[in-house]
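Below: one structure, written as structure tokens.
2 protein chains.
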Amino acid sequence: MYVIAVYDVGQKRVAKMLKLCRRYLNWIQNSVFEGEISEAKLLELKQEAMMIMDDEDDSLIIFKARQEKWLEKEIVGQERQNLDTFL
Amino acid sequence: MYVIAVYDVGQKRVAKMLKLCRRYLNWIQNSVFEGEISEAKLLELKQEAMMIMDDEDDSLIIFKARQEKWLEKEIVGQERQNLDTFL
């Protein structure tokens, strides 16, 4: 399964969410991640995210596509992804 | 065509990008939008975005799916979308 995950969390929780999402997916921009993941691993990710997130303020949106080929990605402007290897 | 658009732009350009994206798509979270859009309208959106964006610092990622049913959306935590009608 191919997913895109985008979080919107309070400043204090950004670093933890970034670290968590990077363990499961590829970072592509700001708070946006993508990657191939199994249902089981995605469940793990969601459970760990819920431990970090504030129920009332934070959100995590996950878009799932059964196959990556169903999604076409286009980047306008800077491709942040390239910086990831330096971080 | 169904798209998810996510921008990452400098603070000074956030308001303009938000306003632009809202004209074409539905706001779902922070800098994330989704919606059904034609190729022609998407081209317009990209062209207008390029006029706002700083070539060296900003980015706009667009994920395209030919049909919405190919994408399943799941929200963990707060569903920001609901606030949109009040803004």
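Chains A and B are the protein sequences, given in the same order. My numbering puts the first residue of the first sequence at 47, with every later residue one more than the last. My numbering puts the first residue of the second sequence at 47, with every later residue one more than the last. Cβ coordinates follow ideal geometry from the N, Cα and C atoms, glycine included. Predicted model, so just to flag it, every value in this text is computed and none were measured.
Inspect the beta-carbon positions of B/Y48 and B/L106 and report whether they are closer than 7 angstroms.
-> For the purposes of this step, residue 48 of chain B is taken as the residue at position 2 of the second sequence. For the purposes of this step, residue 106 of chain B is taken as the residue at position 60 of the second sequence. For B/Y48 and B/L106, no; Cβs fall outside 7 angstroms.
For A/K58, which option in A/L117, A/R112, A/W116, A/D103 has the closest C-alpha, if you only look at C-alpha atoms?
-> Walking along the first sequence from the start, residue 58 of chain A turns up at place 12. Nearest of A/L117, A/R112, A/W116, A/D103 to A/K58, Cα basis: A/D103.
DSSP beta-bridge partners for A/I107?
-> In the first sequence, residue 107 of chain A corresponds to position 61, counting from 1. A/V52, B/I121, per the DSSP bridge assignment.
Collapsed DSSP secondary structure at B/I74 in the structure displayed | On the second sequence, residue 74 of chain B is found 28 positions in, with the first residue counted as 1. Strand.
Could you say which of A/I98, A/L64, A/I83, A/A86 lies nearest to A/N76 if we only look at CA atoms?
-> Walking along the first sequence from the start, residue 76 of chain A turns up at place 30. Per the Cα distances, A/L64.
Assigned secondary structure, A/E102 (DSSP; H/G/I helix, E/B strand, else coil) | By 1-based counting over the first sequence, the position of residue 102 of chain A is 56. It is coil, neither helix nor strand.
For A/K110 and B/E125, believed in contact at Cβ under 8 angstroms, the rounded distance | For the purposes of this step, residue 125 of chain B is identified with residue 79 of the second sequence, where counting begins at 1. For the purposes of this step, residue 110 of chain A is identified with residue 64 of the first sequence, where counting begins at 1. Incorrect: roughly 17 angstroms between the Cβ atoms, too far for contact.
Beta carbon proximity, B/K65 to chain C, threshold 7 angstroms | Of the chains in the structure shown, none is chain C; the protein chains are A and B.
For the region 70-83 of chain B, which residues have a CB atom closer than 9 angstroms to at least one CB atom of chain A, in sequence order?
-> Answer in chain order: I74, Q75, N76, S77, V78, E80.
Chain A within 7 angstroms of B/L89, Cβ atoms only | Here residue 89 of chain B corresponds to residue number 43 of the second sequence, with the count starting at 1. Output row for B/L89: interface = no.
Using a beta-carbon distance below 7 angstroms, is A/I98 in contact with chain B?
-> In the first sequence, the residue the question calls residue 98 of chain A occupies position 52. No, A/I98 lies away from the interface with chain B (no Cβ there is under 7 angstroms from its Cβ).
Please confirm if B/K57 has its CB atom under 7 angstroms from at least one CB of chain A.
-> Residue numbering aside, residue 57 of chain B sits at position 11 when the second sequence is read from its first letter. In the sequence on display, residue 57 of chain B carries Gln and not Lys. It does not: the Cβ of B/Q57 has no partner Cβ on chain A nearer than 7 angstroms.
Can you list, in chain order, the residues of its chain whose CB lies under 6 angstroms from that of B/L91, leaving out five sequence neighbours each side?
-> One-based indexing of the second sequence puts residue 91 of chain B at position 45. Only Y70 meet the Cβ criterion.
Who are the neighbours of A/A61 on chain B, taking C-beta pairs under 8 angstroms?
-> In the first sequence, the residue the question calls residue 61 of chain A occupies position 15. Taking the beta carbon of A/A61 as reference, no residue of chain B falls within 8 angstroms; the closest one sits roughly 17 angstroms away.
Of all the residues that make up the region 107-120 of chain A, which are near chain B by a beta-carbon distance shorter than 7 angstroms?
-> I107, I108, F109, K110, A111, W116, L117, E118, K119, E120
Burial state of B/A61, where buried means 16 or more other Cβ atoms lie within 10 Å | Residue mapping note: residue 61 of chain B aligns to position 15 of the second sequence, counting from 1. Per the 10 Å Cβ criterion, exposed.
Using a C-beta to C-beta distance shorter than 9 angstroms, which residues of chain B count as neighbours of A/A95?
-> Counting from one through the first sequence, the residue named residue 95 of chain A turns up at place 49. Here the neighbours are V122, G123.
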